[in-house]
Each structure stands twice: as C-alpha cells, then as structure tokens.
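In our numbering, the protein residues as written are 19 to 445.
This report concerns only the one structure given below.
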RNA sequence: GGGCCAGUAGCUCAGUCGGUUAGAGCAGGGCACUCAUAAUGCCUUUGUCGCGGGUUCAAGUCCUGCCUGGCCUACCA
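This is how it looks when you write it as structure tokens:
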C-alpha cells in the first residue's frame, strides 16, 4: 500500500548562516525522503525559516534595517545553501507569514478554550538602553554562589544554577548597560493538565526512540514532579505575532516556530491544489519530524500538547539526531571547523558531504564525528575510486564497442530492483 | 548528585529472538590486470568483543558490580 508521508526538518533560525552541522539534518531528511519516493510512497518535504524573537530584533536594529528585510535576506541565503547541497523541499515557507499567524490564532484559541492558559507576574531583567527584556543568555555577571566573574545568566562553571535576577553586578550583553528588574505579565500553558495524554503518547506510542522516551519519562514525567507551566509570551517590544486577546504581549518564538510546519504545509496545499485536511487532519497520513537533540522537549512535550489540544494529527515519528563534531571536537570558529555551507561549496562537491554523512548516520541520538582524513579517504576510495571510475570505464568501453539498441532481458536487473523495493524495512 | 547512551580489528562502524570457525569498508601485505581518473580485480594479516562476577547445554548478545568516554538535567533557534 502506498503510504502518504509528510516530512519536516527543523526550521533554521534566521539569525545565522547554514553550516555543516545543520546539514547533517537536512541531508539526512532529504535522503530519507528520496528513499521513500523510490519505494513508491507519496512523500512531501516541508520546511521554512524560523524568523521571530529577540535575537532577530536586536540584529535588525544593529544593522539599521527592518526585521522583514533581514529575514527575507536570510531566507534567500538559506535556500541558496540548501539548493547547493541538493536538498529538495517541496515547499520552503516562513514563520512570518499570514498562514502562520492564522494557525497560531487557531491553536491559541483551542488552548484557551481548554482552559490551559494562565497568567503570572514575572520579574525579569530589563535593558534600559536596548529597551528590551533580557533572556537569560543575554545577561552575564558574578555568580551569587561561588563568586566567579562573567558567568552566564542562569548557571555558573561552579555548577550552581540560579535566576539572572540573582546575579551580582549583572551586565547586558546587548548594550553593556546595567539591567534593572521590571515585572510584566506573562502567559503560560499549563502542561501539567496534559500529563495523562503526554505520558500515554510517550510511553505507549511508537513515535520516539527508546532513549528519548526514557529521558522524558525519567526527567519530565517523573512521578514526584509536576510539569512546569510553559512561558509562551513576551512583552513588547518583540518581533513576532501579537497575542490577539492579550494586547502588548507576543507569542514567544518557540510557540510559533513549530506551527510553521503546519502553515508551510498550508501554503504548499494552496499552491498545489491539495486539501489541507488530508495532510494534518487525516489518520492515514504519516507525519515525520527530523530534529536535533537540543530541541527534543519542544517537539516531544509542547508540540504534541499543542497538536492534541487543537485537534491536529500527532507526529508518527520524531527522528532525533546528535550533533556534529569535527575530528572529535565541537565545531569551533577559532579552529576553523565551523564551516558554513557557503564556504564548503567553494571548495568541494556537495555530494562528497552527502555521501559521507550517509555512511555515518545511525538511528540513535548520538553525535556524529566528521574526521577530516576519513572524509578525504572515503571520497577518494569510495566515490572517485569506485563509483566515478566505474562510470569512466563503462563510458570508455561503451564508446569502443557500441551499445545495443535495447536492454537485453537478462532477468536479473528488473527482478533485483523489484526485490529491493519489497525488501524495505519499516523505516 | 540523578538519569540516559556507548565501549567489537590500526580507523569508522554492523552484529535482529542468546546458538556453529565474530563481520564490512578503509588502512596494511601479496598477486594480477588495462576498458579505467595517483585507478581497478582477486587473495590476505589483525580481535583477552572495556574489566570482574553470575545465569545457561550455549553469552559480543541476558543479569550484576566496576572502569572509561559522551550526552541530558525546562525561559536555546
């Protein structure tokens, strides 16, 4: 039976260029999609740029242009890079679209109607110069526990964790100004009310790798703990969508980002005369998300909670991969191992990297190591030595001897290809 | 601290419900070949399956303790 499959990769954030670490995911997904099509399944690959949030707002301001200009520019760059690596999306949208705003409204309404939204007064550091509230990572200061200087806003090298409001001598990394404490109303989604549903989905479903289900069960869904309320609003100024029934508050970027999967599909449907409900409200359509391990809980707690509440189809599978290391170490700018897609393409063929990743990917949530020497060896021996050389031989040979008008019926080729299709595993 | 995952040939990794002499690719060694791109084909060496116990007729595979490494621990895109 032909399967109908909707596939997504995580939406790249519009604040930075695509690098070889991101490409692990897009290449993995693209290969998976191509495989499904070869196996005869209907498969649509959707992605989009993730465009909202403080980081975008700050950067646009710094560069003296509008957020819209910035994200249009970045979206163009991202798509150029993906194209350069032969990653073929059926549609590439943006979270800054009217479709996405509409979907956010729709899902929000469902959350409200189900009594899952609550309000709390939050004390947060505010940068009076940049005129914005500061996320934890935009603050540094002296650790209140050990006294270490210049520590991040939420934890210290000494192992202590704290709130940025507890930091001694806090400094805003945006402006260098001393932040002040201000309070503002935030809106929260009460995840605890979805515990029963989430536990069931995580434990009894087939959507997660075993290690991921264990991780969620052991940490978030532990019996002695409550699921914390999820803070999904940010007060103005914020680049994003204003919450319709809470003027002056905007949806936190992680609220509208995954909704981009839905809205981008909606755009694709409009462009191709497809029925939207066939893709997001149909039990016979499979939904597969490919993401990195860093955003696991967004996709395995918040996201299914939102979909469930709004009556959308839940993910069939969330495929989670690890990070990319280079020669056994984290990618680093100073060591020159943080290679952007653009830089790579100036020096090497995209298929070299595609092939290399294909040979090293596993179904586990584990980091993948790009060994430079191994990369060179694999390309030389496997691709040049075997594949290209074979083509070259055949070309020369055929040129000398000529080709038959028709492919001879040796029985083996077609039989073999059909066998391969039958033999596919339950991927 | 707690939790999860991993540890198999020089390197990167497969090993399904426990079942014969533990596999592949690369690297190394030997021979051959020319249709072929500093190629290719064939043959070939290498393992205390992290360590110690246990269960079993049988353990790389299951249980347990330990060692080592990695990751996670909610406001991170």
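C-beta: ideal position from N, C-alpha, C; glycine also.
Residue i in three-state terms, based on DSSP
i: residue 74; result: helix
i: residue 334; result: coil
i: residue 22; result: strand
i: residue 252; result: strand
i: residue 220; result: helix
i: residue 261; result: coil
i: residue 357; result: coil
i: residue 380; result: coil
i: residue 69; result: coil
i: residue 387; result: strand
i: residue 226; result: coil
i: residue 37; result: strand
i: residue 127; result: helix
i: residue 316; result: helix
i: residue 243; result: coil
i: residue 351; result: coil
i: residue 103; result: coil
i: residue 294; result: helix
i: residue 238; result: coil
Same chain, Cβ closer than 7 Å to residue i, neighbours up to 5 away in sequence not counted
i: residue 30; result: 36, 40, 67, 68 and 96
i: residue 510; result: Within the shown structure, residues of the chain are numbered from 19 to 445, placing residue 510 beyond reach of any answer.
i: residue 269; result: 122, 250, 251, 258, 259 and 261
i: residue 139; result: 201 and 203
i: residue 118; result: 274, 277, 278 and 281
i: residue 368; result: 102, 103 and 104
i: residue 74; result: 32, 33, 85, 88, 89 and 257
i: residue 406; result: none
i: residue 393; result: 374
i: residue 134; result: 207, 208, 211 and 327
i: residue 266; result: 253 and 254
Own chain partners of residue i with C-beta closer than 8 Å, once the 5 adjacent residues on each side are dropped
i: residue 229; result: 382 and 383
i: residue 347; result: 353 and 355
i: residue 333; result: 225, 305, 306, 307, 317, 321, 322 and 325
i: residue 221; result: 231 and 235
i: residue 396; result: 373, 374 and 377
i: residue 285; result: 109, 111, 115 and 117
i: residue 157; result: 143, 170, 171, 182, 185, 188, 189, 190, 191 and 197
Residue i Cβ short of 7 Å to the ligand FMN heavy atom set
i: residue 93; result: Questions concerning the ligand FMN fall outside what the structure shown contains, since it holds no ligand whatsoever.
Short Cβ contact (8 Å threshold) for residue i with residue j
i: residue 22; j: residue 293; result: no
i: residue 188; j: residue 223; result: no
i: residue 313; j: residue 28; result: yes
i: residue 70; j: residue 114; result: yes
i: residue 24; j: residue 64; result: yes
i: residue 42; j: residue 289; result: no
i: residue 45; j: residue 279; result: no
i: residue 141; j: residue 255; result: no
i: residue 137; j: residue 205; result: yes
i: residue 38; j: residue 342; result: yes
i: residue 319; j: residue 209; result: yes
i: residue 239; j: residue 212; result: no
i: residue 345; j: residue 309; result: no
i: residue 207; j: residue 247; result: yes
Cutoff 6 Å; reference residue i; Cβ partners in own chain excluding five residues on either side
i: residue 324; result: 125
i: residue 287; result: 294
i: residue 19; result: none
i: residue 107; result: 63 and 65
i: residue 370; result: 397
Per DSSP, cross-strand counterpart(s) of residue i
i: residue 120; result: Paired residue(s): none; residue 120 is not in a bridge.
i: residue 109; result: 64
i: residue 283; result: Answer is none; residue 283 lacks a bridge partner.
i: residue 200; result: 142
i: residue 304; result: 23
i: residue 269; result: 251
i: residue 31; result: 68
i: residue 207; result: 135 and 248
i: residue 310; result: 339
i: residue 47; result: Paired residues: none, contrary to the question.
i: residue 151; result: 144
i: residue 344; result: 347 and 388
Counting beta carbon pairs with one atom in the region 350-364 and one in the region 99-115, are three or more of them shorter than 8 Å?
The region 99-115 vs the region 350-364: in contact.
Report yes or no: do three or more beta-carbon pairs, one from the region 121-137 and one from the region 322-336, lie closer than 8 Å?
Yes, the region 121-137 is in contact with the region 322-336.
With contact counted as at least three CB pairs below 8 Å, one residue from each stretch, are the region 334-345 and the region 213-233 in contact?
Touching, per the Cβ criterion.
Would you say the region 81-97 touches the region 299-314, given that touching needs at least three Cβ pairs under 8 Å?
Fewer than three Cβ pairs drawn from the region 81-97 and the region 299-314 lie within less than 8 Å of each other, which leaves the two stretches out of contact.
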